Amino acid sequence: MNAASESLVDRKQHVDTKSSNVCLEIHELSLHFGATQVLDNVNLRVHEGETVAILGESGCGKTSLLRIVAGLLVRTSGSVRLSGKSIDSLEASKRGIVYLDQDALMFEHLTVYENIAFALRIAKRPSAEIDSKVQQMLRAVQLEDHATKRTWQLSGGQKQRVAFARAILASPRVLLLDEPFCSLDCRNRAIMQQLFLDLRQRYLITCLFVTHDVKEAIVVGNRFATMSGGILKQYPTSLAFVEDETTGAAAERAFWAEQGQIL
Amino acid sequence: MQNKRKRTILIFVLVFLPYASLLILSSGSGWSFPRLFPDRIDFAPWRTAWSGRYTLLMASLNTVVMSIVISLASTSLGLISGRALKRQESMFWLFVVYLPFVLSPVIVGTVLYDIESRLGIVSSILGVLIAQFMFAYAFATVFFYELWDSRIQRLEQLVQTLGGDSRTVWRHAILPSASGLIAVCLIQTSIFVWLDYGLVSALGGGNVPTVTLLLFSYLREASINQASQAAIVLLVGSVLACLTSAFFMKRTRRRLGEQL
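Sequence lines, in order, name chains A and B. Take the first sequence: its letter number 134 is residue 137 in my numbering, and every next letter is one higher. Take the second sequence: its letter number 181 is residue 174 in my numbering, and every next letter is one higher.
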């Protein structure tokens, strides 16, 4: 194992895919829009606590894959299983899967506190429990001073934190992130990536993370896959992903090595 | 600078002169040609207008009730059907919704007259309400059809993936996003009923007292005091509705600007 892959393992929570249970299983999933094949026989297994980073260019089918898993889009064929049970016929609201896209959508009529408490409120949890969990989460995402603000008073990065906090407090079995940081500037993106790693470790989140940024994929993923023309290609190890010329990770690594940084 | 002031004064005069004339016409008595102003200006003609069986007061109340009923029904149903229409993207149903506006109101009124006379509801308030609802509902559906952009749809999906049922989707995604436009639609549809004359006269047969109907009957009788009083009531209601509508439009635009 070379320096690049060692640094990856050091920085992230290691998930033992042999001992942990399979949380999400996508089996021979296909999607057609008329004659256009959007997804072609996609197979993927995601273990509990694992983050699979899916890298791909715009329009390659990444978003469609996430939307089918979330129950927001109907597949043409194949199946999606959660902890061994088929969820194909379940409505989006009953799947326990939260989908976040690049725009941190806010409930403008609610405060930051109420936005974060949203899932707990609709689940009718006791007030004391809601307050305790929301306060804890506000500290975790460093928004304690903004709890009573309206969301339109927040910056883009702060809105993204609220979106994350709200999603995590819904206790999702799988969190689907569709290029969540692509609208942020470099500094905020790095901060959010670190925050994601911290929250993932603290709340043991199972995650499918879609991005078109190689560096981001390397930073957040435990395991890696690329998507092109609706076909998903998985890598058995981080090293295989980093060393594959087609992912662009090798070029990225070489660039940062020249700058004196190790990916 | 001076030009700007002159222009402002001119606009002010042009807007308020008809109101001033109407006020004088409605309150004056003993006015004979060719004098510019009446002999006496007081509120005696107004007191007369608000008394008696078929008064302006009764017609105003009747029109207000009709406006409220139609605006509430058409806006709430238009919100639901506008959403359904956007989701289906059916050209056929879109055409059906536009149909009342494609055909002349006179033709629609004539067709409705025939149907309503067979049903025995012509010359009744129910008959007029059904006809007005047809137009207001079509307007509300088209109005809300454009509301469902991708942002609201994604907000609905967010609520769903966070575990919310359809009631939560309406409460937290749709209604807050559409609140300003709902207010505007309520006002627009109520203005339509408030100012409607064609349908009321064609289908009401003179048995449904409204302010517009009263205004035209006063004009036919050459009762200048009462006609101008009815015109003032009609205009004040419309101006208030327009100002409220402008307020909500401005608020909605500001909120959308903040979101962008």
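We put the CB at the ideal spot given by N, CA and C, even for glycine. All of these numbers come straight from a predicted model, not from anything done at the bench.
1) Beta carbon of isoleucine 71 of chain A, beta carbon of leucine 47 of chain A: below 9 Å?
2) In three-state terms, what does DSSP make of leucine 207 of chain A?
3) With glycine 71 of chain B and threonine 134 of chain B assumed to form a contact (beta carbons below 8 Å), what rounded beta-carbon distance in angstroms separates them?
4) Since asparagine 46 of chain A is in the beta strand (DSSP E), which residue starts that stretch and which ends it?
5) In this structure, how does DSSP classify glutamine 146 of chain B when only helix, strand and coil are distinguished?
6) Comparing the C-beta of glutamate 111 of chain A with each C-beta of chain B, is any distance below 9 Å?
7) Using a Cβ-Cβ cut-off of less than 9 Å, give me the residues of the stretch 171 to 202 of chain B that come near chain A, in sequence order.
8) Please name the residue, chosen from B:Gln81, B:Ser22 and B:Leu228, that lies closest to tryptophan 141 of chain B on a Cα-to-Cα basis.
9) Under 9 Å, do phenylalanine 36 of chain B and serine 20 of chain B count as touching if we go by C-beta distance?
10) List the residues of chain B that leucine 75 of chain A touches, going by C-beta distances under 8 Å, in chain order.
11) Taking a Cβ distance cut-off of 8 Å, strictly less, list which residues of the stretch 112 to 132 of chain A are near chain B, in chain order.
12) Applying the criterion that 16 or more other CB atoms from any shown protein chain within 10 Å of the CB defines a buried residue, is cysteine 189 of chain A buried or exposed?
13) Could you list which residues in chain B have their beta carbon closer than 7 Å to that of valine 101 of chain A, in chain order?
14) For arginine 144 of chain B and chain A, any beta-carbon pair shorter than 9 Å?
15) So who's on the other strand from threonine 54 of chain A, going by DSSP bridges?
16) Would the beta-carbon of leucine 108 of chain A fall within 9 Å of that of arginine 147 of chain B?
17) Can you tell me the Cα-Cα spacing of phenylalanine 121 of chain A and serine 194 of chain B, whole angstroms?
18) Using a Cβ cut-off of 9 Å (strictly closer), state whether arginine 147 of chain B contacts chain A.
19) Between threonine 250 of chain A and the rest of its own chain, which residues show a CB-CB distance below 7 Å, the 5 nearest in sequence each way excluded?
20) Does aspartate 91 of chain A come out as helix, strand or coil in the three-state DSSP assignment?
21) Return no unless some Cβ of chain A is closer than 9 Å to the Cβ of aspartate 158 of chain B.
22) State yes or no: is the beta carbon of threonine 97 of chain A nearer than 9 Å to at least one beta carbon in chain B?
23) Could you have a look at lysine 218 of chain A and say whether DSSP puts it in helix, strand or coil?
24) Whose C-beta lies closer than 6 Å to the C-beta of alanine 131 of chain B among residues of the same chain, with five residues either side of it excluded?
25) Near valine 101 of chain B, which residues of its chain fall below 7 Å by C-beta distance, leaving aside the five closest residues on each side in sequence?
26) Quick one: using the 10 Å Cβ neighbour count with 16 as the cut-off for buried, is arginine 0 of chain B buried or exposed?
Concretely, from the data shown:
1) Taking the first residue of the first sequence as 1, we reach residue 71 of chain A at position 68. Taking the first residue of the first sequence as 1, we reach residue 47 of chain A at position 44. Contact flag unset, no.
2) In the first sequence, counting from the first residue as 1, residue 207 of chain A sits at position 204. It is coil, neither helix nor strand.
3) The residue you call residue 71 of chain B lines up with position 78 of the second sequence. The residue you call residue 134 of chain B lines up with position 141 of the second sequence. Sure, about 5 Å apart at Cβ, within 8 Å.
4) Here the question's residue 46 of chain A lines up with position 43 in the first sequence. Taken as a continuous stretch (DSSP letters only), the beta strand (DSSP E) holding asparagine 46 of chain A covers 39 to 50.
5) Within the second sequence, numbered from 1, the residue matching residue 146 of chain B stands at position 153. In this structure, glutamine 146 of chain B counts as helix in the three-state DSSP scheme.
6) Within the first sequence, residue 111 of chain A is the residue found at index 108, counting from 1. Yes, glutamate 111 of chain A counts as interfacial toward chain B.
7) Ser172
8) Your numbering for residue 141 of chain B matches position 148 in the second sequence. The residue with the shortest Cα to Cα distance from tryptophan 141 of chain B is B:Gln81.
9) By one-based count along the second sequence, residue 36 of chain B stands at place 43. By one-based count along the second sequence, residue 20 of chain B stands at place 27. Yes, these two residues count as a Cβ contact at 9 Å.
10) What you label residue 75 of chain A is simply residue 72 of the first sequence in a count that begins at 1. Under the 8 Å cutoff, chain B gives Gln150, Gln153 and Thr154.
11) His112, Leu113, Phe121, Ala122, Ile125 and Ala126
12) Stepping through the first sequence from its first residue, residue 189 of chain A is reached at position 186. Cysteine 189 of chain A comes out exposed.
13) One-based indexing of the first sequence puts residue 101 of chain A at position 98. Those within 7 Å of valine 101 of chain A in chain B are Thr154 and Leu155.
14) Counted from its first residue, the second sequence places residue 144 of chain B at position 151. Taking CB atoms only, arginine 144 of chain B has a neighbour in chain A less than 9 Å away.
15) In the first sequence, residue 54 of chain A corresponds to position 51, counting from 1. A:Cys210.
16) Your numbering for residue 108 of chain A matches position 105 in the first sequence. Your numbering for residue 147 of chain B matches position 154 in the second sequence. It is a contact, given that the beta carbons lie within the stated cut-off.
17) Taking the first residue of the first sequence as 1, we reach residue 121 of chain A at position 118. Taking the first residue of the second sequence as 1, we reach residue 194 of chain B at position 201. If I take the Cα positions, the gap works out to 52 Å.
18) Along the second sequence, one-based indexing puts residue 147 of chain B at 154. With 9 Å as the cut-off, arginine 147 of chain B counts as an interface residue toward chain A.
19) Taking the first sequence and counting its residues from 1, the one referred to as residue 250 of chain A is at position 247. Around threonine 250 of chain A: Leu58, Val217, Thr229 and Phe244.
20) One-based indexing of the first sequence puts residue 91 of chain A at position 88. Coil, per DSSP.
21) Indexing the second sequence from 1 puts residue 158 of chain B at position 165. For aspartate 158 of chain B, the answer is yes, since a Cβ of chain A falls inside 9 Å of its Cβ.
22) Taking the first sequence and counting its residues from 1, one reaches residue 97 of chain A at position 94. Inspection of the sequence shows that residue 97 of chain A is occupied by lysine rather than by threonine. Lysine 97 of chain A counts as touching chain B.
23) The residue given as residue 218 of chain A occupies position 215 in the first sequence. DSSP places lysine 218 of chain A in helix when its eight states are reduced to three.
24) Locating residue 131 of chain B in the second sequence gives position 138, counting from the first residue. So the qualifying residues of the chain are Val90 and Pro93.
25) Taking the first residue of the second sequence as position 1, residue 101 of chain B is located at position 108. Result list for valine 101 of chain B: Pro93, in chain order.
26) Walking along the second sequence from the start, residue 0 of chain B turns up at place 7. The residue in question, arginine 0 of chain B, is exposed, as its Cβ has fewer than 16 Cβ neighbours within 10 Å.
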